[in-house]
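This report refers to the structure that appears directly beneath it.
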Amino acid sequence: KAGVTQTPRYLIKTRGQQVTLSCSPISGHRSVSWYQQTPGQGLQFLFEYFSETQRNKGNFPGRFSGRQFSNSRSEMNVSTLELGDSALYLCASSRTGGSGNTEAFFGQGTRLTVV
Amino acid sequence: KNQVEQSPQSLIILEGKNCTLQCNYTVSPFSNLRWYKQDTGRGPVSLTIMTFSENTKSNGRYTATLDADTKQSSLHITASQLSDSASYICVVSVGGGADGLTFGKGTHLIIQP
Chain A
195 KAGVTQTPRY LIKTRGQQVT LSCSPISGHR SVSWYQQTPG QGLQFLFEYF SETQRNKGNF
255 PGRFSGRQFS NSRSEMNVST LELGDSALYL CASSRTGGSG NTEAFFGQGT RLTVV
Chain B
2 KNQVEQSPQS LIILEGKNCT LQCNYTVSPF SNLRWYKQDT GRGPVSLTIM TFSENTKSNG
62 RYTATLDADT KQSSLHITAS QLSDSASYIC VVSVGGGADG LTFGKGTHLI IQP
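In order, the protein sequences belong to chains A and B.
Just so you know, we're using the numbering used here here: the first sequence kicks off at 195 and counts up by one.
Just so you know, we're using the numbering used here here: the second sequence kicks off at 2 and counts up by one.
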């Protein structure tokens, strides 16, 4: 079956702009989680959506937002981009979400560069 | 504060050799521990998930061990191959939501021919 699909794979934006990233989970998976990965900080949790509702949120400013649609596809939006937002953004899907014993499958990520 | 520490930060070994990566955690309460492999520029791929009652789990040439008493885990790679070159990330869960995952910063492994 198809894996987790993230689009676009690469993105270059200018400071102050906004950006929208997309994640299509594995068919049947209702949970989508988003992560920011930088060399210095590793993977950091942004938020988790389940059945169109944000279930958990990490410690990121309000410039980072997301939503989930009825088909479980999710989008993440970052407004007023800063240089420090340059990172690999990963999404992960799972059947039930959370951090229990259900396996999470990651997408290939979107590499965002802010100049 | 929940923390996951991995060592070494980076490792270079020759093809065909074995190696062991370490993960120490202070996460509490403990639900499960996961090891992921991440190739450069790609998303992490799950290798193993272990719960409290499991102390060894294998996935091909990868064998993970867990000592819940000392809060340590290791990932042993046998007969390394060039394709094993990647970052290996240890993740510990307290259960609950996805915010219950604590990620290590990974060990960067390079296999040389």
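Beta carbons are placed, not taken as given, at the ideal position from N, Cα and C, and that holds for glycine.
Based on the DSSP output, what are the partners of residue i in its beta bridges?
| i | result |
| --- | --- |
| A/Val308 | A/Lys207 |
| A/Val213 | A/Val272 |
| A/Gly260 | A/Met270 |
| B/Lys58 | B/Ala65 |
DSSP three-state call for residue i: helix, strand or coil?
| i | result |
| --- | --- |
| A/Ser280 | coil |
| B/Leu48 | strand |
| B/Ala87 | strand |
| B/Gly101 | helix |
| A/Phe299 | strand |
| A/Asn253 | coil |
| B/His77 | strand |
| B/Lys106 | coil |
Contact criterion: CB-CB distance below 9 Å. Does residue i meet it with respect to chain E?
| i | result |
| --- | --- |
| A/Ser227 | The structure shown has no chain E; the protein chains it does contain are A and B. |
Check the Cβ-Cβ distances between residue i and every residue of chain B, and say whether any is below 9 Å.
| i | result |
| --- | --- |
| A/Glu242 | yes |
| A/Phe300 | yes |
| A/Ser218 | no |
| A/Val198 | yes |
| A/Ser221 | no |
| A/Phe258 | no |
| A/Leu237 | yes |
Is the CB-CB distance between residue i and residue j below 9 Å?
| i | j | result |
| --- | --- | --- |
| B/Gly101 | B/Ser32 | yes |
| A/Gly303 | A/Ser227 | no |
| A/Val213 | A/Leu205 | yes |
| A/Leu284 | A/Val308 | no |
| B/Ala80 | B/Lys38 | no |
| B/Thr108 | B/Ser47 | no |
Answer yes or no: does any C-beta atom of chain A fall closer than 9 Å to that of residue i?
| i | result |
| --- | --- |
| B/Pro45 | yes |
| B/Ala65 | no |
| B/Asn60 | no |
| B/Thr52 | yes |
| B/Tyr89 | no |
| B/Asn33 | yes |
Measuring only from the beta carbon, is residue i closer than 8 Å to any heavy atom that is part of the ligand NAP?
| i | result |
| --- | --- |
| A/Phe263 | Here there are no bound small molecules, and the ligand NAP is not part of this structure. |
Against chain A: residues of the stretch 96-107 of chain B by CB proximity under 8 Å: Gly96, Gly97, Gly98, Ala99, Asp100, Gly101, Leu102, Phe104, Gly105, Lys106, Gly107
Contact list for the stretch 265-286 of chain A against chain B, Cβ threshold 9 Å: Leu282, Leu284, Cys285, Ala286
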